[in-house]
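Have a look at the structure below, then the notes.
Printed below as a string of structure tokens:
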């Protein structure tokens, strides 16, 4: 888990140099375009292999092609980042950890267990499953352990499994914020703050669209962003045009998000795209920094966006979507 001693930028000289050398293999817009236009999976496999993906023995036609491709690459990235110090950047792996906690808890609470666990967490998937099942939390952060107990109780008390997500999302952001603070990087703490703002605006607009009652919505918002959770709750019943003024530092983002959600043909898809691209613009501020915590952090986040873009493109091609339709869904890339 993340250490308690704040790091100096000079401590990241070696890992920054290694990552700067790796950045040239990050997926760029030109390669994404080639993937969209590729006539065969053989061509797709070659393009991804040229970008550093382990494709030996793969044809692209395997049912688990994408999951194997990404899992192998994630493992390589994790090994590279680990060179910065054991557990130092675990905060960016916490969303995958908390996803696995949610799946394990929901399987415990429902009659229809689902095997939708993911790789790429700070805790190996099988270890996490066993930890939730046995309530043995030695391999977890203290906040993960606390979140599991609270989420299970909330779901049982209310009879609503949705509270597993609500409670654990709150703990995930708290865990990330705490870890970023320990590293002492303004870039990392700023990124977590932006993540919380985006999550709160997403919840605000989605729940209003779904017509959820205030009593439910007020429990969904998180602290840790540039705007307190209480202000999002207070804004829940306001008109769309009033929201930007009520949400201060998140107001400009909220205004554009409202326009994306309701102003065009894309609707929810355009809204999700805007949210992802908003976070990427923040990540790109690290692109020209020579060394420091920002370099490995931005690389790790860039790779996660890359995986999402590859998944979107391959899913679109499998569904025989037109190239322009796929392009509309592709996220902004780091390079």
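Numbering (the working numbering), first residue to last: -19 to 315.
In this text, a Cβ means the ideal position worked out from N, Cα and C, and glycines have one as well.
Taking the C-alpha atoms as reference points, what is the distance between residue i and residue j?
i: residue 235; j: residue 176; result: 17 Å
i: residue 264; j: residue 28; result: 23 Å
i: residue 188; j: residue -3; result: 46 Å
i: residue 47; j: residue 288; result: 11 Å
i: residue 33; j: residue 26; result: 9 Å
i: residue 1; j: residue 313; result: 18 Å
i: residue -15; j: residue 162; result: Unreliable placement is indicated for residue -15, whose pLDDT of 48 sits below 50; no coordinate value is reported for it.
i: residue 118; j: residue 272; result: 31 Å
i: residue 282; j: residue 93; result: 32 Å
i: residue 308; j: residue 83; result: 30 Å
i: residue 99; j: residue 222; result: 41 Å
i: residue 38; j: residue 45; result: 7 Å
i: residue 112; j: residue 104; result: 12 Å
i: residue 97; j: residue 106; result: 9 Å
i: residue 4; j: residue 87; result: 41 Å
i: residue 220; j: residue 67; result: 42 Å
i: residue 11; j: residue 211; result: 42 Å
i: residue 91; j: residue 139; result: 13 Å
i: residue 299; j: residue 218; result: 40 Å
i: residue 121; j: residue 284; result: 22 Å
i: residue 363; j: residue 13; result: The question about residue 363 has no answer, for the chain in this structure spans -19 to 315.
Of all the options the options, which has the alpha carbon lying nearest to the alpha carbon of residue i?
i: residue 31; options: 298, 8, 115, 95; result: 8
i: residue 132; options: 122, 121, 120, 145; result: 145
i: residue 101; options: 153, 114, 80, 290; result: 80
i: residue -1; options: 142, 165, 61; result: 61
i: residue 262; options: 167, 305, 208; result: 167
i: residue 259; options: 297, 179, 88; result: 179
i: residue 294; options: 110, 23, -8, -9; result: 23
i: residue 224; options: 35, 191, 181, 248; result: 181
Mind reading off the beta-carbon distance from residue i to residue j? Whole number of angstroms is fine, and I expect it under 8 Å.
i: residue 206; j: residue 237; result: In fact, because the Cβ distance is near 15 Å, the residues do not count as touching under 8 Å.
i: residue 85; j: residue 128; result: 7 Å
i: residue 241; j: residue 251; result: 4 Å
i: residue 6; j: residue 286; result: 6 Å
Residues in its own chain within less than 6 Å of residue i by CB, not counting five upstream and five downstream?
i: residue 303; result: 16
i: residue 157; result: 172, 204
i: residue 64; result: -5, 276
i: residue 279; result: -1
i: residue 51; result: 99
i: residue -7; result: 271
i: residue 297; result: none
Ignore the nearest five residues each way along the sequence and tell me which others in residue i's own chain have a CB closer than 8 Å to its CB.
i: residue 214; result: 226
i: residue 89; result: 132, 135, 136, 141, 144
i: residue 321; result: Residue coverage of the chain in this structure runs from -19 to 315, which leaves residue 321 outside it and unanswerable.
i: residue 194; result: 213, 216, 217
i: residue 311; result: 253, 256, 257, 260, 285, 288, 289, 292
i: residue 247; result: 241
If I measure Cβ to Cβ from residue i and keep anything under 7 Å in the same chain, skipping five residues before and after, which residues do I get?
i: residue 183; result: 200, 201
i: residue 75; result: 152
i: residue 41; result: 21
i: residue 77; result: 101, 102, 103, 108, 124
i: residue 69; result: 61, 276, 277, 280
**Item:** Contained alpha helix (DSSP H) runs [length at least 4] in the segment 47 to 130, N- to C-terminal order
**Value:** You should have 74 to 89, 105 to 114.
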